[in-house]
Amino acid sequence: ELRNGGSRSTHFMATQQRLPAAIIIGVRKGGTRALLEMLNLHPDVDVAKAEVHYFNVEEHYQQGLDWYRAQMPFTLPGQLTVEKTPGYFASPQVPARVWDMNPAVRLLLIVRDPAERLVSDYTQVLHNRLERHKPYQPLEEILLHQGDINPGYKALHRSLYHQHLARWLQVFPREQIHVVDGDALIRDPFPELRKAERFLGLPARISSSNFYYNATKGFYCLLSAGHDKCLDESKGRPHAPLSVQAFQKLCHYFRKPNKLFFDMVGRSFSWC
Ligand code: A3P
1 ELRNGGSRST
11 HFMATQQRLP
21 AAIIIGVRKG
31 GTRALLEMLN
41 LHPDVDVAKA
51 EVHYFNVEEH
61 YQQGLDWYRA
71 QMPFTLPGQL
81 TVEKTPGYFA
91 SPQVPARVWD
101 MNPAVRLLLI
111 VRDPAERLVS
121 DYTQVLHNRL
131 ERHKPYQPLE
141 EILLHQGDIN
151 PGYKALHRSL
161 YHQHLARWLQ
171 VFPREQIHVV
181 DGDALIRDPF
191 PELRKAERFL
201 GLPARISSSN
211 FYYNATKGFY
221 CLLSAGHDKC
231 LDESKGRPHA
241 PLSVQAFQKL
251 CHYFRKPNKL
261 FFDMVGRSFS
271 WC
């Protein structure tokens, strides 16, 4: 066999599907798509384009790791595979399953103001219902019960970050979960991406030349291989209306949970 070149190196360069070395676990509406697409600008990263829902959907999980691997892109040795499924963060069974796959996997959690996240979450559900001509209830009606916050509302529960993170921290050490500030990623993506590169052990390759600010959209869009690409219309759409009083109740409701989350991650965010 040849030591250099020849068929051996061709074989060595062959691409194959690999299990993810890093997973964006959530949160839903936190900016998970933006984070995935932005990390994908890195030459050493390749991503699963669609959400995989392996660990949180029973039919998928029962098919095992071969099924999971088959959802991944073909990569070169040394490239890092990343997938994102925002549903992982709030699913109780997921942390232990991820650990079983690979206890060294790196986890990325992108968070944003939980009150804004809830409204964004509602807006997405509303949009889907309108598309399917299904009936819907205004946000204010779901959110408030006799003037008080309705704790049974699912989207409210998904914004209780400390409860979900506590379950992940029963399984993974804190250092293995990198928290990305979703609000900062919107304002100025580069510092957040630099930190994510460092966390993933990647050389710094994502730069301002990979983006341009699209004033019409009000967001950064991506430039890669001569193409420009903004995230689709489902990202950054106008939020469903909610009265100022109701929003303030929401902010008040999240004050304690937020404090618990800040203590857990060892930093704070300027949320409402
Ligand atoms: P809104 O639609 O509430 O504005 P996810 O991908 O997890 O569903 O998150 C969607 C959110 O990503 C959007 O929430 C939007 O604010 C945010 N986002 C962050 N960076 C963005 C970008 N460059 N382009 C569009 N949306 C972005």
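Just so you know, we're using the numbering used here here: the sequence shown kicks off at 1 and counts up by one.
Cβ atoms here follow ideal geometry from the backbone N, Cα and C, with glycine treated the same way.
Remember, it's a predicted structure, so these values are computed and weren't measured experimentally.
Residue i Cβ short of 7 Å to the ligand A3P heavy atom set
i: ARG194; result: no
i: ARG18; result: no
i: TYR88; result: no
i: ILE219; result: One point to set straight first is that residue 219 is Phe, not Ile, in the sequence displayed. PHE219 Cβ: within cutoff of the ligand A3P.
i: HIS157; result: no
i: LYS49; result: no
i: ARG28; result: yes
i: LYS235; result: yes
i: ALA115; result: no
i: LEU231; result: yes
Exposure of residue i, with buried meaning 16 or more beta-carbon neighbours within 10 Å
i: SER7; result: Any answer about SER7 is weak, because its pLDDT of 45 lies below 50 and its placement is not dependable; what the coordinates show is given next. SER7 is exposed by the Cβ-count criterion.
i: SER208; result: exposed
i: LEU130; result: exposed
i: ASN150; result: exposed
Simplified DSSP assignment, three categories, for residue i
i: CYS230; result: coil
i: ARG106; result: strand
i: SER207; result: coil
i: GLY147; result: coil
i: GLY6; result: In this prediction, GLY6 scores a pLDDT of 43, lower than 50, which makes its location untrustworthy; no coordinate-derived value is stated.
i: THR85; result: coil
i: GLU1; result: Confidence at GLU1 is low in this model, with a pLDDT of 37, below 50, so the placement of that residue should be treated as unreliable; the coordinate-derived value is given next. Residue state, collapsed to three classes: coil.
i: THR75; result: strand
i: TYR212; result: strand
Same chain, Cβ closer than 6 Å to residue i, neighbours up to 5 away in sequence not counted
i: GLN79; result: ASP44 and ASP46
i: ALA90; result: ARG158 and HIS164
i: SER120; result: LYS29
Between the CA atoms of residue j and residue i - distance to the nearest angstrom
i: GLN17; j: LEU108; result: 21 Å
i: HIS60; j: GLN245; result: 42 Å
i: LEU99; j: TYR213; result: According to the sequence as given, residue 99 is Trp; it is not Leu. Cα to Cα, TRP99 sits roughly 38 Å from TYR213.
i: TYR136; j: LEU126; result: 7 Å
i: HIS178; j: HIS42; result: 18 Å
i: GLU83; j: GLY26; result: 11 Å
i: THR15; j: ARG69; result: 13 Å
i: ALA204; j: LYS235; result: 27 Å
Close-in-space but distant-in-sequence residues of the same chain around residue i (CB under 8 Å, 5 per side omitted)
i: PRO73; result: GLN17, ASP46, VAL47, ALA48, LYS49 and THR81
Own chain, CB closer than 7 Å to residue i, minus 5 neighbours either side, in chain order
i: LEU200; result: ALA22, LEU80 and ARG106
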